[in-house]
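Chemist: Using my numbering, read the sequence shown as starting at 53 and increasing by one per residue.
Cβ coordinates follow ideal geometry from the N, Cα and C atoms, glycine included.
Provided herewith is a single structure, encoded as structure tokens, for subsequent inquiry.
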Amino acid sequence: MANFELNAELRSVKGKGASRRLRRLEGLTPAIVYGAGKEPAQVTLQMNVLQKALEDEGFFSHIITLNVGDTAERVLIKDVQRHAFKPVILHVDFLRVNNDTVIKQHVPVHFINEESCVGVKQGGGKAHHIMTDIEVICQAKDLPEFIEVDVAAVEAGQIIHLSDLTMAEGVEILALTHGPDHDTSVFSVEAPKGGSDEEEAEAAAE
């Protein structure tokens, strides 16, 4: 598992005007660090460094070491506010955690063996990625880097649901804790139009 580390500085200036100046004049992104029974801390991070880190999908599903002065905090990203059309990060929320902290976090889905998927290769179907990430609940130490979904054996017309996924011990899919009505689709192979059933029916009618 990759190690992610960021450096931050405490900030004394607050407010929307001060935040705009930090971003525009100093290339800094304001952020807040909260949780673990401690007082929230207002900090700033170098925007270019933060932007590069955010390009890695794993950054959102890892515990990050956030160095604030002489203090190292273990945190997760809980929210990122971006400008509507400019490549500017407006604000970031970090949650302090320890190994036993129970967290809810979105984890990316990695579909594997799609190139050999039976329903596509042999059945002529079309693959659909219905979910790209899944929200899980677990202790911070058990947070998975990603959720792997093997689609090699998926046939045309078949759907993989959340309940079909195998999760590591201690990790639960949040939606499934709300009952079977929340067992949504993750991946499917759409059967080709004019499939074998239609062809057989046409042949029988001749």
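In this structure, how does DSSP classify T184 when only helix, strand and coil are distinguished?
Modeler: In the structure shown, T184 sits in coil (DSSP, three-state: anything other than H, G, I, E or B).
Chemist: Do the CB positions of V149 and R134 come within less than 8 angstroms of each other?
Modeler: No, Cβ-Cβ distance for V149 and R134 is not below 8 angstroms.
Chemist: Considering Cα atoms alone, identify which of L58, V154 and G87 is closest to G121.
Modeler: Here the closest residue by C-alpha is L58.
Chemist: Going by CA-CA distance only, name the one from V95, I199 and G79 that's closest to Y86.
Modeler: Ranking the options by Cα distance to Y86, first place goes to V95.
Chemist: Skipping 5 residues on each side, what residues in its chain have a beta carbon closer than 8 angstroms to that of H234?
Modeler: Result list for H234: L214, A227 and L228, in chain order.
Chemist: What would DSSP say about F111, mapped onto helix, strand or coil?
Modeler: Three-state result, F111: helix.
Chemist: State the beta-bridge partners of N59 as determined by DSSP.
Modeler: Looking at the DSSP assignment, N59 forms a beta bridge with N119.
Chemist: Need the endpoints of the alpha helix (DSSP H) that G171 sits in, please.
Modeler: Its alpha helix (DSSP H) spans residues V170 to K173.
Chemist: Under the assumption that I212 contacts V201 (Cβ atoms under 8 angstroms), give the Cβ distance between them as a whole number of angstroms.
Modeler: That pair is a contact at about 7 angstroms.
Chemist: Taking 7 angstroms as the line, does the beta carbon of D235 fall inside it for any heavy atom of the ligand NAP?
Modeler: No copy of the ligand NAP occurs in the structure displayed, which carries no ligand at all.
Chemist: Where in the segment 197-224 do unbroken runs of the beta strand (DSSP E), each at least 3 residues long, occur, reported from the N-terminal end onward?
Modeler: Segments of the beta strand (DSSP E) lying fully in the segment 197-224: 199-202 and 211-213.
Chemist: Tell me, please, whether the CB atom of S64 is closer than 8 angstroms to any CB atom in chain C?
Modeler: The chain labelled as chain C is not found in the depicted structure, where only one protein chain is given.
Chemist: The alpha helix (DSSP H) spanning V144 covers which residue range?
Modeler: Segment I141 to R148 is the beta strand (DSSP E) holding V144; no alpha helix (DSSP H) there.
Chemist: Could you check if A192 is buried or exposed, using at least 16 other CB atoms within 10 Å of its CB as the buried criterion?
Modeler: That one is buried.
Chemist: On the premise that E207 lies in contact with V170, defined as a C-beta separation below 8 angstroms, what is that separation, rounded to the nearest angstrom?
Modeler: With a Cβ gap of about 5 angstroms, V170 and E207 count as contacting.
Chemist: Taking the straight line between their C-alpha atoms, what separation do you get for Q210 and D152?
Modeler: Cα-Cα distance, rounded: 38 angstroms.
Chemist: Note down, in chain order, each residue of its chain lying with its Cβ closer than 6 angstroms to the Cβ of F112, except the 5 sequence neighbours on either side.
Modeler: Hits under 6 angstroms: I129.
Chemist: Report back the beta-carbon spacing between A179 and V238 to the nearest angstrom; my notes put them in contact at under 8 angstroms.
Modeler: A179 to V238, Cβ: 12 angstroms. No contact.
Chemist: For A220 and S64, I'd like the C-alpha separation in whole angstroms.
Modeler: Between A220 and S64, the C-alpha separation is close to 42 angstroms.
Chemist: Does the Cβ of A256 have 16 or more other Cβ atoms within 10 Å, making it buried, or fewer, making it exposed?
Modeler: Low confidence applies here, because A256 scores a pLDDT of 43, under 50, leaving its location unreliable; read the following figure in that light. Exposed is the call here.
Chemist: Near K138, which residues of its chain fall below 8 angstroms by C-beta distance, leaving aside the five closest residues on each side in sequence?
Modeler: Here the set comprises nothing.
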